[in-house]
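Here's the structure we're looking at; comments come further down.
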Amino acid sequence: MTDTVSASAFPQTASKEKIKSGLSLAVKGWLIAALIGQWIFALYIFKQFALPLINGSIDESMYTYMIRGYINGDTFNNALLLLHVVPVILINLAAFIQFLPGVRQRLPKLHRLNGRVYFTVGLMGAFGGLYMTWITGSRLSVTGALGVTLNGVLIIVAVYYAWKYARARQFAQHRRFAVHAFILINGVWTFRLYLMSWFMINQGPMGNNATLNGPADIILSFASYLLPMAVAELVMRAEKSRHSRTVITASLTVVAMFLLTVAGTFAATIMMWGPRIIS
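So for the sequence shown, the working numbering puts the first residue at 24; every next one is plus one.
Here it is in structure tokens:
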């Protein structure tokens, strides 16, 4: 009787393992798509900011497309701008290293050091972004800046708790907040993906305006980090769940996010980054 029960339970266990492995594969695909998109963005940053800074050709005429770009002679705000955008290259490298399989187990010191670099640069970006938005005036409208402001505040919160739980060796909680910190630090990048996807789907603006406070602009500015954070929570719950339906729902949701990331990266590369990379 016991052997019969064990034999009948085995297919169900194997099936659940396959479903869980499908979720893991979907998450890896979404992460790889995001990292590729971020490296395209980093290449754009290198071409537009780092290279001109290195060769001494940087000039305000190169950044007329920005809300408030580089301004000749404005040393403090120019330094703040460059410290905000150029470290994108470093933070993308740190993210790549942090997500390499086996780094945490085989190279724990590198994992910790690299995590500190990632969080430190992320905090610099958050504080610098908030300063530029509300002090320097790098915004098109007050309403349109609310999404990015909450994004910046949540970066600080997520990094604080990720760091706190790492020091306390509560690694499950650390992982949760580190994932959210990763999503939040890349919130402005994700907003570009969603906005360009929206333009591509609608063949132009729909619910958008020049000051980024149209209904679509506002929804996308909040969705650019709240949506992937919600999906991350769904995945983390599914990883612990014994219910196949929960795991399948999470897997399908992640596949949808993967497709959105690929489409957004394609649209943003074609419409924003690509022309300036090859110019």
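Quick reminder that beta carbons are idealized off the backbone N, C-alpha and C, glycines included.
Here the alpha carbons of residue 127 and residue 203 stand approximately 18 Å from one another. Just measuring C-alpha positions, the residue of 228, 261, 249 sitting nearest residue 207 is 249.
Scanning the region 53 to 97 from its first residue to its last, the whole alpha helix (DSSP H) runs of 4-plus residues come out as 74 to 78.
The shortest C-alpha to C-alpha distance from residue 140 to any of 111, 60, 125 is the one to 111. For residue 76, the closest of 57, 53, 246, 101 by C-alpha to C-alpha distance is 101. Counting C-beta atoms within 10 angstroms of its own C-beta, residue 280 has 16 or more neighbours from the protein chains shown and is therefore classed as buried. Counting along the chain, residue 219 sits inside the alpha helix (DSSP H) bounded by residues 210 to 225. The beta carbon of residue 62 is closer than 7 Å to those of 115 in its chain, skipping five residues each way along the sequence. Under the three-state reduction of DSSP, residue 233 is assigned to coil, being neither helix nor strand. Pairing residue 189 with residue 265, the inter-Cα distance amounts to about 27 Å. For residue 185, the uninterrupted alpha helix (DSSP H) run begins and ends at 169 to 190, by DSSP. Contact between residue 197 and residue 185 is confirmed by a C-beta separation of about 6 Å, below the 8 Å threshold. Three or more Cβ pairs closer than 8 Å define a contact, and the region 148 to 167 meets that threshold against the region 88 to 99. Scanning 152, 294, 149 for the CA closest to the CA of residue 219 turns up 294.
Per DSSP, the unbroken alpha helix (DSSP H) holding residue 129 starts and ends at 126 to 129. For residue 242, the enclosing alpha helix (DSSP H) has its first and last residue at 238 to 263. Secondary structure note for residue 121: its alpha helix (DSSP H) is the uninterrupted segment 111 to 121.
Counting along the chain, residue 277 sits inside the alpha helix (DSSP H) bounded by residues 267 to 291. Take residue 211, set aside five residues on each side of it, and the residues of its chain with a beta-carbon closer than 8 Å to its own are 152, 171, 174, 247, in chain order.
The DSSP-derived three-state label of residue 297 is helix. For residue 50, the secondary structure class from DSSP, reduced to helix, strand or coil, is helix. In the three-state scheme derived from DSSP, where H, G and I count as helix and E and B as strand, residue 193 is classed as coil.
With respect to the C-alpha of residue 50, the residue from 150, 261, 38 having the closest C-alpha is 261.
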